[in-house]
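Here is the structure we will look at.
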Amino acid sequence: MGKEVIVVGGGLAGLSAAMKLAEKDCHVKIISVTKVKRSHSVCAQGGINAAMNLKNEEDSPFIHAYDTIKGGDFLADQPPVLEMCLAAPGIIRMMERFGCPFNRTLEGNLDFRRFGGTLYHRTAFCGASTGQQLLYALDEQVRRYEVQGRVEKFENHEFMRLVLDSEGKARGIVLMDLFNLELSVLKADAVVFGTGGPGLIFKKSTNSTFCSGAANGRLFKQGMYYANGEFIQIHPTAIPAEDKMRLISESSRGEGGRIWVWGNSSKTITNSEGKTLPCGETGKPWYFLEELYPAFGNLVPRDIGAREILRVCEMGLGVDRKMQVYLDVSHLSEKTQHKIASVLDIYQKFTGDNPHKVPMRIFPAVHYSMGGAWVDWPAAADPDRWQRFRQMTNIPGCFNVGESEFQYHGANRLGANSLLSCIFSGLVSGIEVPRYLDTLEHSYGNIPNAIFSQALRKEEDFKQDLMQRNGSENVHQLHEELSDVLIKYVTVKRNNRDLIRAIDVIKEIRERYQNICLDDKGTVLNQTYVFANQFSYMLEIALVITKGALLRNEFRGAHYKPEFPHRDDENWLKTTMATYQEIEPKINYRAVDLRYLKPIGRDYSKAKKVIPQFENVPVNIILPL
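Each residue of the sequence shown is one higher than the one before, starting from 24 at the first, in our numbering.
See the structure below:
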């Protein structure tokens, strides 16, 4: 039986999977909506985490795992987090061997910077273009296998439907050529998805405009579980704009950037310990994060930073009384500014201001989805470890990796853990997929051709339906209205009354979507059709996000409801599991795997380095290198 595998997504997660699968003698077909080297991974700026202790701070992978679990407010299953952190140093060394140009110290060692949610320097970086450099290095490795004939790339193609056999196993996909809208079938015995986050659902996000979440929406409608959808990370620092948000990397704060507004001593604010403090000194810069969180300062976890910036602006202290604060790097040395030059260039390009000399104006923006496809993770000590498959969804043969799945980050992601989780999960899938293929009794070649033709016909019918609609609604206007309700009610602060209203609006938009009319009904480079097709599935994920937020009555990580101001471990220490239903998603829950660490309070007000006590850690953990 041949080993034919499809990888949907050309970013870090997809390329990691493709490289490892090719190494395991699989023939891999990579599907990407854009050129692989333009995948959204290139937008990751700040770095990749690994506890290598090159700063002699007594850091370790176990402390890294502790910071990650605590940063995620104890909602992440602990075995995959620990195994990711244990593998992290090896991943850095692997990428170093591949020629990734990491920054170096004067002695020639790898350099590391601090990122949010930790007191350690454990973020390796390539200036401020780390994602791009990692992606290019992995793409070179994949090209080696491409030359050998083990990898084929289908760039500018989009996944449309999973082909399922009579037993519900993945046997291939229907894909669409984005140049001419032609639909076709690719056959395989396993499919790996690494399609990134759903930022386009919110429109005003830091994501690329092709990060629609539609692939997961299509899988969701075909029966895939979607987990923890309500946990959407709002990055504290982005350039305010009307069209979309441009990220100002956490690396600017990791290198010493400071967030401030003009002080007003007539106003007071309460810190995390319940103490009332004046809002700085009138007429002077007030570095409010440093005062409210003296231990972590400007490097508090992202959910905390976003909430505090919003709180200060709602008090009327925003710059020019607008929803914006200053992020200042003008005091940094020229050498230090050079490390983040590409970030500062982005700011100057889009605003006209020179951040080398004047503070940047920033505000929080939708950035990352901690939720995504539910994937399995049999841990090393589980008795059925070899009967289950890590990174596989509830659909047999359908794997999911990177930001498009739910693991590793819990209720809030620590900065620079995303690049790590993408590469790690991709490598893991490259090990688990061949194991899965070995369990199959027969290959896709023995599947009746009618199964493939039926899947293709369904997509042809949907395409014809969309093209023939002649209503009065404009899909781009519907997207604006969806964005408005999600940004207003389902981002930093949430309340049940408005979440109910948001669900009603999303359902109304879904009804109006049936009455759209496409401005372009041609078959050549028809971006209106491509987006209209995606939008149907984006609405389903929007409902998952919003209903999950409505039902979760607590304050945990990025999910903040002022009327429920505390984390509720007794009732809500559980993973949200959404399944598709026609009217609205059905929500169930699963217990979080807490086998190594017991939940503790999430306090970032004190500079106390903790040596975590992990319990029952097996010695036979297998790392994917």
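C-beta: ideal position from N, C-alpha, C; glycine also.
- For S365, the three-state secondary structure derived from DSSP is helix.
- The secondary-structure analysis by DSSP pairs T293 across a beta bridge with T299.
- Counting of Cβ neighbours within 10 angstroms places H582 among the buried residues, the total reaching 16 or more.
- Counting C-beta atoms within 10 angstroms of its own C-beta, E464 has fewer than 16 neighbours from the protein chains shown and is therefore classed as exposed.
- Take the alpha-carbon of N132 and the one of P84: they are about 19 Å apart.
- Taking C-beta atoms under 8 Å as the contact rule, M561 and L201 fail to qualify, at a distance of about 17 Å.
- Membership of L573 in the alpha helix (DSSP H) is indicated by the continuous run 550-574.
- With a threshold of 16 other beta carbon atoms within 10 Å, R325 meets it and is buried.
- Rounded to whole angstroms, the separation of the alpha carbons of Y627 and G140 is 8 Å.
- Taking each of N239, A238, L185 in turn and checking the Cα distance to A213, the smallest one comes out for L185.
- In the three-state reduction of the DSSP assignment, A111 falls in the helix class, which pools H, G and I.
- Annotated three-state conformation of T602 is strand, per DSSP.
- The shortest C-alpha to C-alpha distance from A614 to any of Q604, W595, G217, S506 is the one to W595.
- Scanning the stretch 24-96 from its first residue to its last, the whole alpha helix (DSSP H) runs of 4-plus residues come out as 35-46, 84-94.
- Here the stretch 60-67 makes contact with the stretch 150-157; the two share three or more CB pairs at distances below 8 Å.
- By the neighbour-count criterion, in which 16 or more other beta carbons inside 10 Å mark a residue as buried, I54 falls on the buried side.
- With fewer than three CB-CB distances shorter than 8 Å, the stretch 403-411 does not count as touching the stretch 431-446.
- Counting the other CB atoms within 10 Å of its CB gives P124 a total below 16, which places it among the exposed residues.
- If you draw a 10 Å sphere on the C-beta of N203, you find fewer than 16 other C-beta atoms in it, and that means exposed.
- Going by beta carbons, P647 and L450 fall inside the 8 Å limit.
- For I86, the closest of L98, E314, W309, L620 by C-alpha to C-alpha distance is L620.
- When the five nearest sequence neighbours on each side are left out, the beta carbons in the same chain lying within less than 8 Å of the beta carbon of S295 are those of L315, Y316, D626, Y627, S628, in order along the chain.
- Assignment of beta-bridge partners to C149 by DSSP yields no partner.
- In the structure shown, the three-state DSSP call for W595 is helix.
- No residue range can be given for V323, since it is assigned to no beta strand (DSSP E) and is classified by DSSP as neither H nor E.
- Boundaries around C445 are those of the alpha helix (DSSP H), 440-462, since no beta strand (DSSP E) includes it.
- Scanning the stretch 363-419 from its first residue to its last, the whole beta strand (DSSP E) runs of 3-plus residues come out as 383-392.
- CA-CA distance, A565 to G246, rounds to 17 Å.
- Annotation for F578: no alpha helix (DSSP H) segment contains it, and DSSP assigns it neither H nor E.
- Around the Cβ of G339, a 10 Å sphere holds fewer than 16 other Cβ atoms; the residue is exposed.
- Put simply, of E313, T299, W283 the residue whose alpha carbon is nearest the alpha carbon of G306 is W283.
- For V528, the enclosing alpha helix (DSSP H) has its first and last residue at 519-536.
- Taking a C-beta distance under 8 Å as the contact criterion, K192 and G420 qualify as a contact pair.
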